[in-house]
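Asker: The structure's right below; bear with me while I get my questions together.
Number of protein chains: 2
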Amino acid sequence: MIRRPTILDVAARAGVSKSTVSLVLQGSKQVRPETREAVEKAMAEIGYVYNRAAANLRSASVGLVGLVINDLRNPFFTEFATSLQMALAAEGYATVIANSDEDAELQAKLVGSMIEHGVSALVISPAYGAASDTFDQLARTGLPVLQVLRKMDERTSIFPFASFDYASGSAKATRHLLEQGAASVAFVGGLPGRAITRERKSGWREVLKAEGIEEIALHGKSSRAFGMQAADQLMADYPDVDAALCFNDLVALGLMAGFARAERPVGSGFHVVGFDDIEEAAQSWPQLSSVACDISGFARDTAARLLHWMVEGQRPEPEFRSPVRLISRASSLGPTE
Amino acid sequence: MIRRPTILDVAARAGVSKSTVSLVLQGSKQVRPETREAVEKAMAEIGYVYNRAAANLRSASVGLVGLVINDLRNPFFTEFATSLQMALAAEGYATVIANSDEDAELQAKLVGSMIEHGVSALVISPAYGAASDTFDQLARTGLPVLQVLRKMDERTSIFPFASFDYASGSAKATRHLLEQGAASVAFVGGLPGRAITRERKSGWREVLKAEGIEEIALHGKSSRAFGMQAADQLMADYPDVDAALCFNDLVALGLMAGFARAERPVGSGFHVVGFDDIEEAAQSWPQLSSVACDISGFARDTAARLLHWMVEGQRPEPEFRSPVRLISRASSLGPTE
DNA sequence: CATAACTTTTGGATCGTTCCAATTCCAGCA
DNA sequence: TGCTGGAATTGGAACGATCCAAAAGTTATG
Numbered sequence: 004m005i006r007r008p009t010i011l012d013v014a015a016r017a018g019v020s021k022s023t024v025s026l027v028l029q030g031s032k033q034v035r036p037e038t039r040e041a042v043e044k045a046m047a048e049i050g051y052v053y054n055r056a057a058a059n060l061r062s063a064s065v066g067l068v069g070l071v072i073n074d075l076r077n078p079f080f081t082e083f084a085t086s087l088q089m090a091l092a093a094e095g096y097a098t099v100i101a102n103s104d105e106d107a108e109l110q111a112k113l114v115g116s117m118i119e120h121g122v123s124a125l126v127i128s129p130a131y132g133a134a135s136d137t138f139d140q141l142a143r144t145g146l147p148v149l150q151v152l153r154k155m156d157e158r159t160s161i162f163p164f165a166s167f168d169y170a171s172g173s174a175k176a177t178r179h180l181l182e183q184g185a186a187s188v189a190f191v192g193g194l195p196g197r198a199i200t201r202e203r204k205s206g207w208r209e210v211l212k213a214e215g216i217e218e219i220a221l222h223g224k225s226s227r228a229f230g231m232q233a234a235d236q237l238m239a240d241y242p243d244v245d246a247a248l249c250f251n252d253l254v255a256l257g258l259m260a261g262f263a264r265a266e267r268p269v270g271s272g273f274h275v276v277g278f279d280d281i282e283e284a285a286q287s288w289p290q291l292s293s294v295a296c297d298i299s300g301f302a303r304d305t306a307a308r309l310l311h312w313m314v315e316g317q318r319p320e321p322e323f324r325s326p327v328r329l330i331s332r333a334s335s336l337g338p339t340e
Numbered sequence: 004m005i006r007r008p009t010i011l012d013v014a015a016r017a018g019v020s021k022s023t024v025s026l027v028l029q030g031s032k033q034v035r036p037e038t039r040e041a042v043e044k045a046m047a048e049i050g051y052v053y054n055r056a057a058a059n060l061r062s063a064s065v066g067l068v069g070l071v072i073n074d075l076r077n078p079f080f081t082e083f084a085t086s087l088q089m090a091l092a093a094e095g096y097a098t099v100i101a102n103s104d105e106d107a108e109l110q111a112k113l114v115g116s117m118i119e120h121g122v123s124a125l126v127i128s129p130a131y132g133a134a135s136d137t138f139d140q141l142a143r144t145g146l147p148v149l150q151v152l153r154k155m156d157e158r159t160s161i162f163p164f165a166s167f168d169y170a171s172g173s174a175k176a177t178r179h180l181l182e183q184g185a186a187s188v189a190f191v192g193g194l195p196g197r198a199i200t201r202e203r204k205s206g207w208r209e210v211l212k213a214e215g216i217e218e219i220a221l222h223g224k225s226s227r228a229f230g231m232q233a234a235d236q237l238m239a240d241y242p243d244v245d246a247a248l249c250f251n252d253l254v255a256l257g258l259m260a261g262f263a264r265a266e267r268p269v270g271s272g273f274h275v276v277g278f279d280d281i282e283e284a285a286q287s288w289p290q291l292s293s294v295a296c297d298i299s300g301f302a303r304d305t306a307a308r309l310l311h312w313m314v315e316g317q318r319p320e321p322e323f324r325s326p327v328r329l330i331s332r333a334s335s336l337g338p339t340e
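Here is the structure:
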């Protein structure tokens, strides 16, 4: 196979210098239109493909953004990743998506690989685990890093953090459940001790405290499977509980499936509200009420924009919270028996 | 901000030449262990990070694989993408994942961008649309390209294609539904005219033909929403149909939700089998029978391996089909009223 | 018509690595 | 001691683009 043509070949063909070709490639407006056309014609004729590695070597800025997600299989994160990719594509950035699968070690490797590939910024929803040295190392590179949706650690905030205003969302949902007639609202799902669990519980806790209601929480993995299991546990151990605020929609869907299995379908007698409002929430039966985080809007308007600023050297606020809203559907609206 | 250290800085610090540092970086075994150690120590001390752009410029091979997916939001593809990424990571490749969102134009851009970034191979599940010129262009670059899960076009097979043996899977599922007592099995979902729809219908059609049963098919988008809509249509227009083979699990889940909404829960009186066996199938209520495509196994054992061969210059068979198996669960096992 | 002012084009240096041929090192042997 | 040959190390050229200062070309001005 013959070697790929370079700008020198293009230049020779078009009868100009390599510098001119370079200017055309960069879309400089100081080349004469006719010259530009000639160069473009030459490129097409010899099948020139731009060599970004060479360009990057000289010019540092790459237009490549790394995106490291802790669990890309979770639809919530998938939605975020794809939306962010599109938003960034519109601004001319290419995006590298990687899935750390909650593995801190793999995450460190992925981050390293991305830096090697010369990303000009990094968006990360971190995996849990002792990765604080990864972060220190990252900080030392001076790369713009935006932490999203999950905070590595309560105290540290080396990097700006963008997420949703979960606390007021959970307060809103809890109040709604009480208004619908619930006497006792359990919190289901979320691993204990994690920042995000604390956030999503905090509003619930506040409202319950204000109303003088006992706090009942079942913690566990944020999966459907745990939701089903929690349903059984609720029915067996807490017969008085007549509503649940779930850590996320997956748990809520599992919980509803568990109640359905026990022939006690959610809707009348038991109310459920989830978190995230994933697509499926509107398509389950009964339809699931959920605290909606407009994740694609967040990706587009918050994350992409913050990142853009950061790449341009601005320093955004250390913490940014997007508002959430409660979507009430059948799972929290039926009559209370 | 000071400039990033290079191998020259490392060399100076370690008291060796840049060439030696380069050898260490490449893991050459012809450097003395003590020298290697000294170099590694120096790298750690000054916080050296490898500049892959520079390396690529000189050495061509990059160890970067591009993965273009038509719909990354679909859990089936998400699973494939993440599994492939991990399998490739184990072989030392970095993976760039991109989502074309069924947009042929965007797909062309993404492919172009990946080539520019110097991927050494491309895995693509193509978007539909007039992108055949994209493919021609790709073919001209001589890059190893593996087409997966979806074929661009019935006739063309410029690139090797790997997918599942859908035809025998749908035959198996249809036979199973008949054995469970179904009198009439409808096919639900899948856009008409597409290769994959044809494949997933072909086994069903064969079995029905052999049994002399009328073919009833409702085509549409492969989404939950369509499944719900199809449930209404089935109940209204085809009261005799008592089983459905769905194009995929999303449609099947939507269909089941639709029946549930009409207070005719699937399980007794109506049987459903889906396709893909996504994680959710086992967690829905009733649990959904499905033609299981072991997508992560496929990614790991088929796609990753084929790709590896191709990168090494081998030419695999033009078409490869992985076997599928039927998982029967409650949605196709209850009594027929 | 000469000169200034501006636009367009150009050659050489440069980015940080790998490759290659050449050099240095060193143990073993006569 | 001097020589040999393999192992270890080295310096310079190369990769393909961008950047920059300077040259060439063009138009406007007095």
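For the protein sequence lines, the chains are A and E, in the order given.
All residue numbers for the first sequence refer to our numbering, where the first residue is 4 and numbers rise by one.
All residue numbers for the second sequence refer to our numbering, where the first residue is 4 and numbers rise by one.
Here a beta-carbon is modelled for each residue, glycine too, at the ideal position from N, C-alpha and C.
Where does residue 328 of chain E fall in DSSP's three states?
Answerer: Of the three classes helix, strand and coil, the one that applies to residue 328 of chain E here is strand, per DSSP.
Asker: At 4 residues or longer, and completely inside the region 150–208 of chain E: list those alpha helix (DSSP H) runs for me, N to C.
Answerer: As far as the region 150–208 of chain E is concerned, its whole alpha helix (DSSP H) runs of at least 4 residues are 169–182.
Asker: Going by the beta-carbon positions, is the gap between residue 168 of chain E and residue 269 of chain E smaller than 7 Å?
Answerer: The answer is no: Cβ separation not under 7 Å.
Asker: How many Å lie between residue 247 of chain A and residue 190 of chain A at the Cα?
Answerer: Taking the straight line from one Cα to the other gives about 6 Å.
Asker: Return the residue from the list E:325, E:289, E:215 and E:303 that minimises the CA-CA distance to residue 271 of chain E.
Answerer: When only C-alpha atoms are compared, the closest one is E:289.
Asker: Could you tell me whether any Cβ in chain E is nearer than 7 Å to the Cβ of residue 121 of chain A?
Answerer: Judged by the 7 Å Cβ criterion, residue 121 of chain A is in contact with chain E.
Asker: Output the boundary residues of the beta strand (DSSP E) element that contains residue 247 of chain E.
Answerer: 246–249 is the span of the beta strand (DSSP E), which, as asked, contains residue 247 of chain E.
Asker: Relative to chain A, which residues along the region 82–103 of chain E have a C-beta separation below 8 Å, given in chain order?
Answerer: Result list: 82, 84, 85, 88, 89, 92, 97, 98, 99, 100, 101 and 102.
Asker: Give the residues of chain A in contact with residue 78 of chain E, contact being defined as C-beta atoms less than 9 Å apart.
Answerer: Correct list: 76, 78 and 81.
Asker: For residue 312 of chain A, go through chain E and note every residue whose CB falls closer than 8 Å to its CB, in chain order.
Answerer: Correct list: empty, because the minimum Cβ distance to chain E is about 18 Å.
Asker: Contact between the region 102–114 of chain A and the region 129–148 of chain A is defined here as three or more beta-carbon pairs at a separation below 8 Å; is this criterion met?
Answerer: Judged by Cβ distances under 8 Å, the region 102–114 of chain A makes contact with the region 129–148 of chain A, as three or more pairs qualify.
Asker: For chain A, check one thing: does any of its Cβ atoms lie closer than 7 Å to the Cβ of residue 127 of chain E?
Answerer: Answer no: the Cβ-Cβ gap between residue 127 of chain E and chain A never drops below 7 Å.
Asker: Looking at chain A, which residues of the region 36–53 of chain E have a Cβ within less than 8 Å of any of its Cβ atoms?
Answerer: Listed in sequence order: 50, 52 and 53.
Asker: Per DSSP, which one or two residues make a beta bridge with residue 266 of chain E?
Answerer: Answer is none; residue 266 of chain E lacks a bridge partner.
Asker: By a C-beta neighbour count over all protein chains shown, 10 Å radius and 16 as the cutoff for buried, is residue 322 of chain E buried or exposed?
Answerer: The residue is exposed, with fewer than 16 neighbouring Cβ atoms inside 10 Å.
Asker: Quick one: using the 10 Å Cβ neighbour count with 16 as the cut-off for buried, is residue 95 of chain E buried or exposed?
Answerer: With fewer than 16 other Cβ atoms within 10 Å, it is exposed.
Asker: Are there 16 or more other CB atoms within 10 angstroms of the CB of residue 110 of chain E, so buried, or fewer, so exposed?
Answerer: It is buried - the Cβ of residue 110 of chain E has at least 16 other Cβ atoms within 10 Å.
Asker: Should residue 45 of chain A and residue 71 of chain A be called a contact, given that it needs their Cβ atoms to be closer than 7 Å?
Answerer: Contact flag unset, no.
Asker: So what does residue 102 of chain E bridge to, in DSSP terms?
Answerer: Residue 102 of chain E is bridged to E:72.
Asker: Run down chain A in chain order and give the residues with a C-beta less than 7 Å from the C-beta of residue 161 of chain E.
Answerer: Here the premise fails: no neighbours, minimum Cβ distance about 17 Å.
Asker: Note the first and the last residue of the continuous alpha helix (DSSP H) segment covering residue 277 of chain A.
Answerer: No alpha helix (DSSP H) holds residue 277 of chain A; the beta strand (DSSP E) holding it covers 274–279.
Asker: Please tell me whether residue 286 of chain A has its Cβ less than 7 Å away from any Cβ of chain E.
Answerer: Cβ-Cβ to chain E under 7 Å: yes for residue 286 of chain A.
Asker: Which chain E residues sit within Cβ distance under 8 Å of residue 116 of chain A?
Answerer: In chain order: 97.
Asker: In the DSSP assignment, the alpha helix (DSSP H) including residue 219 of chain E goes from what residue to what residue?
Answerer: First-last for residue 219 of chain E: 219–221, but that is the beta strand (DSSP E), not the alpha helix (DSSP H).
Asker: On the three-state DSSP scale, how would you describe residue 122 of chain A?
Answerer: Of the three classes helix, strand and coil, the one that applies to residue 122 of chain A here is coil, per DSSP.
Asker: Note the first and the last residue of the continuous alpha helix (DSSP H) segment covering residue 84 of chain A.
Answerer: Note, residue 84 of chain A: alpha helix (DSSP H), 78–93.
Asker: Quick check on residue 332 of chain A: buried or exposed, where buried means 16 or more other Cβ atoms within 10 Å of its Cβ?
Answerer: Residue 332 of chain A comes out buried.
Asker: Spatial neighbours of residue 359 of chain E within its chain, please: C-beta separation below 6 Å, excluding the five flanking residues on both sides.
Answerer: Outside the shown range of chain E, which is 4 to 340, sits residue 359 of chain E, and nothing can be said about it.
Asker: Decide yes or no for the touch test of the region 179–193 of chain A against the region 222–239 of chain A: beta carbon pairs closer than 8 Å, at least 3 of them.
Answerer: Short answer: they touch.
Asker: According to the neighbour-count rule (16 or more other Cβ atoms, all chains shown, within 10 Å of its Cβ), is residue 62 of chain A buried or exposed?
Answerer: It is exposed - the Cβ of residue 62 of chain A has fewer than 16 other Cβ atoms within 10 Å.
Asker: List the residues of chain E that residue 3 of chain A touches, going by C-beta distances under 7 Å, in chain order.
Answerer: As shown, chain A starts at 4 and ends at 340. That puts residue 3 of chain A outside it, with no answer to give.
Asker: Just to make sure I have the definition right: I need the residues of chain A whose C-beta is within less than 9 Å of the C-beta of residue 144 of chain E. Which are they?
Answerer: What residue 144 of chain E touches in chain A: 7, 50 and 52.
Asker: Should residue 211 of chain A be labelled buried (16 or more other beta-carbon atoms within 10 Å of its own) or exposed?
Answerer: Buried, by the Cβ-count rule.
Asker: Quick check on residue 295 of chain A - is its C-beta less than 7 Å from some C-beta in chain E?
Answerer: With 7 Å as the cut-off, residue 295 of chain A does not count as an interface residue toward chain E.
Asker: For the beta strand (DSSP E) containing residue 294 of chain E, name the first residue and the last one.
Answerer: Taken as a continuous stretch (DSSP letters only), the beta strand (DSSP E) holding residue 294 of chain E covers 292–295.
Asker: Between the region 146–156 of chain E and the region 238–258 of chain E, do three or more beta carbon pairs fall short of 8 Å?
Answerer: No contact exists between the region 146–156 of chain E and the region 238–258 of chain E.
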